[in-house]
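**Q** Dumping the structure here so I can ask a few things about it.
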Amino acid sequence: MSLKGPIVLVDDDEDDQYLIELSLKSLQLPNELRLFGNGLDALTYLQTTQEQPFIILCDVNMPIMNGIELRRQINEDEYLRKKSIPFIFLTTASNAQLVQEAYDTMVQGFFRKAPDFAGLEKQIKCIIEYWQACLHPNKV
């Protein structure tokens with residue numbers, strides 16, 4: 001994790017991408033945003049980039065490769081595992097089984113997207129501020 005590294009957003013819903021991007025802009029962060037509409041494109045980026053992303057915000061339900069599959073692939077890739085990029089699910093899908101499945105993949109958080117922009121903005125702010133303050137293997 002790098003505090004100034006890019007924020008990786010993996011979400012196939014363009015409206016959600018837009019709202020999350022607006023929320024991030026409101027925080028006036030120095031981080032660039034990398035947008036991906038499915039897990040496979042995000043995985044390819046993560047495997048080939050020299051960048052050290054700050055955080056991954058990921059939806060669960062997406063075409064081609066869903067968020068759970070993406071998280072599993074990251075866990076199985078030694079190069080990506082050593083990057084220790086915080087991985088947070090931010091999704092509209094939620095039930096007890098899905099939350100358990102997500103935490104079985106050693107995810108660092110699972111949030112149901114707030115139903116309005118103000119709520120989403122508060123969620124994003126909370127997530128970002130937590131990881132900015134958190135000690136992390138690639139930060140100490």
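Under full-length UniProt numbering, the first residue of the sequence shown is numbered 1, with each subsequent residue one higher. Beta carbons are placed, not taken as given, at the ideal position from N, Cα and C, and that holds for glycine.
(1) Have a look at I56 and F87 and give me their C-alpha separation to the nearest angstrom.
(2) Only counting the same chain, and skipping five residues up and downstream in sequence, which positions put a Cβ closer than 8 Å to that of K113?
(3) For R81, count neighbouring Cβ atoms within 10 angstroms of its own Cβ and tell me buried if that reaches 16, exposed if not.
(4) State buried or exposed for S26, treating a residue as buried only when at least 16 other CB atoms are found within 10 Å of its CB.
(5) What whole-angstrom Cβ distance do D59 and V10 have, given they're in contact under 8 Å?
(6) If you reduce the DSSP assignment to three classes, tell me which class I127 lands in.
(7) If you reduce the DSSP assignment to three classes, tell me which class V99 lands in.
(8) Buried or exposed, going by whether 16 or more other CB atoms sit within 10 Å of the CB of L135?
(9) At what residue ranges does the segment 14-69 contain a whole run of the alpha helix (DSSP H), taking only runs of 4 or more?
(10) With a CB to CB cut of under 7 Å and the five nearest residues on each side skipped, what residues in its chain are close to L35?
(11) Checking contacts by CB at 9 Å: is K122 closer than that to chain B?
(12) Assuming residue 142 is part of the beta strand (DSSP E), what are its boundary residues?
(13) Do N38 and P6 come within 9 Å of each other at the CB atom, strictly closer than that value?
**A** Answer, in terms of the structure:
(1) The residue given as residue 56 occupies position 56 in the sequence shown. The residue given as residue 87 occupies position 87 in the sequence shown. Near 5 Å, if we compare the C-alpha coordinates of F87 and I56.
(2) The sequence position of residue 113 within the sequence shown is 113, counting from 1. For K113, where only same-chain residues beyond five positions count, the Cβ hits under 8 Å are D16, L90, T91, T92, L120 and Q123.
(3) The count along the sequence shown starts at 1 and reaches residue 81 at position 81. R81 comes out exposed.
(4) Mapped onto the sequence shown, residue 26 falls at position 26. That one is exposed.
(5) Here residue 59 is taken as the residue at index 59 of the sequence shown, counted from 1. Here residue 10 is taken as the residue at index 10 of the sequence shown, counted from 1. Yes, they are in contact, since the Cβ atoms of D59 and V10 sit about 6 Å apart, within 8 Å.
(6) Taking the sequence shown and counting its residues from 1, one reaches residue 127 at position 127. Residue state, collapsed to three classes: helix.
(7) By 1-based counting over the sequence shown, the position of residue 99 is 99. Correct three-state label for V99: helix.
(8) Along the sequence shown, read from residue 1 onward, the residue named residue 135 stands at position 135. Classification of L135: exposed, given that the 10 Å Cβ count is below 16.
(9) 14-26 and 39-48
(10) As a working note, residue 35 is residue 35 in the sequence shown. So the list reads L9 and Q17, once near-sequence residues are dropped.
(11) The structure shown has no chain B; it contains just one protein chain.
(12) Residue 142 falls outside the range modelled here, since the chain spans only 1 to 140, and no answer is possible.
(13) By 1-based counting over the sequence shown, the position of residue 6 is 6. By 1-based counting over the sequence shown, the position of residue 38 is 38. Their beta carbons are not under 9 Å apart, which means P6 does not touch N38 by this criterion.
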